[in-house]
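Just so we're aligned, residue 23 is where the sequence shown starts under my numbering, counting upward by one. Beneath this line is the structure, given in structure tokens, with notes to follow.
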Amino acid sequence: MGTDTVRTEAADDAAGRRREQRGWYFYDWACSVYSTSVLTVFLGP
């Protein structure tokens with residue numbers, strides 16, 4: 023196992039983690055928008 027292999031695995035892990043975090047950010051944003059829309063419709067004027 024050389025240093026190139028270790029660097030590649032670390033880069034893949036970091037890229038995967040960033041992708042997963044971005045997915046959770048969009049999921050949270052979508053849930054927040056949905057909740058806000060529903061509350062506005064049912065509790066609005």
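Glycine residues also receive a C-beta, built at the ideal position from the N, C-alpha and C atoms.
Is Arg39 near the ligand GDP, in the sense that its beta carbon is under 8 Å from a heavy atom of that ligand?
Among the components modelled here there is no ligand, and therefore nothing to report on the ligand GDP.
DSSP state of Gly66, grouped into three classes?
coil
Quick one: Cα of Tyr47 to Cα of Arg39, how far?
12 Å
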